[in-house]
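K.L.:
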Amino acid sequence: MMPGKSNLVTVTTQMRGANEVPPAATSATGQVDAVLNKDTNMLKWQLSYNGLSGPATAGHFHGPAMVGANAGVSLPFTGAVTSPMSGEATLTAAQAADLLAGRWYANIHTAKFPGGEIRGQMTVRP
Numbered sequence: 488m489m490p491g492k493s494n495l496v497t498v499t500t501q502m503r504g505a506n507e508v509p510p511a512a513t514s515a516t517g518q519v520d521a522v523l524n525k526d527t528n529m530l531k532w533q534l535s536y537n538g539l540s541g542p543a544t545a546g547h548f549h550g551p552a553m554v555g556a557n558a559g560v561s562l563p564f565t566g567a568v569t570s571p572m573s574g575e576a577t578l579t580a581a582q583a584a585d586l587l588a589g590r591w592y593a594n595i596h597t598a599k600f601p602g603g604e605i606r607g608q609m610t611v612r613p
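Each residue of the sequence shown is one higher than the one before, counting from 488 in the working numbering.
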């Protein structure tokens, strides 16, 4: 174990239209990589996507929800949603617990798919 790193947890996902509920017929894909500091609940993320049907209209982390279920917005991406982009926010204890338990998903919305064009469940990377 690296000194000072035990409080950092990496969470990641691959976003695809097939992960939407209901599935979105799109070939778009995306990736989110994030690090949560368990001592401060600071979440820092980077995301990228390509092949969307049009410009992204919104992007969020949603939860709590498991794979196959929908949930409200837990944390919006701030500013215009572009690829690539990054952000950070301090989570509540409940948000951090849900994220670490796999109950958050990332979602990118477009005009053609207002409920979300690509989605991916955030999972802890060993």
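Ideal placement from N, C-alpha and C gives every residue a C-beta, glycine not left out.
1) For the beta strand (DSSP E) that contains Ala576, what are its first and last residues?
2) So, for Ala583: in the same chain, excluding its five sequence neighbours on each side, which residues have a beta-carbon less than 6 Å away from its beta-carbon?
3) Could you have a look at Leu562 and say whether DSSP puts it in helix, strand or coil?
4) Measure the C-alpha to C-alpha separation of Thr497 and Lys531 and round it to an integer number of angstroms.
5) In whole angstroms, give me the CA-to-CA distance for Asn594 and Pro613.
6) Leaving aside the five residues before and after His596 along the sequence, list all residues of the same chain whose C-beta is less than 6 Å from its C-beta, in chain order.
7) Can you grab the Cα-Cα spacing for the pair Arg590 / Ala567, in whole Å?
P.N.:
So, to answer that:
1) Indexing the sequence shown from 1 puts residue 576 at position 89. Element bounds for Ala576: Met572 to Thr577.
2) By one-based count along the sequence shown, residue 583 stands at place 96. Counting only Cβ-Cβ distances below 6 Å, and skipping sequence neighbours, we find Asn528.
3) As a position in the sequence shown, residue 562 is number 75, starting the count at 1. Reduced to three states, the DSSP call for Leu562 is strand.
4) By 1-based counting over the sequence shown, the position of residue 497 is 10. By 1-based counting over the sequence shown, the position of residue 531 is 44. If you take the alpha carbons of Thr497 and Lys531, they lie about 10 Å apart.
5) On the sequence shown, residue 594 is found 107 positions in, with the first residue counted as 1. On the sequence shown, residue 613 is found 126 positions in, with the first residue counted as 1. So the two alpha carbons sit approximately 23 Å from each other.
6) Your numbering for residue 596 matches position 109 in the sequence shown. These residues qualify, in order along the chain: Thr544, Ala545 and Gly603.
7) Here residue 590 is taken as the residue at index 103 of the sequence shown, counted from 1. Here residue 567 is taken as the residue at index 80 of the sequence shown, counted from 1. Going by the C-alpha atoms only, they are around 25 Å apart.
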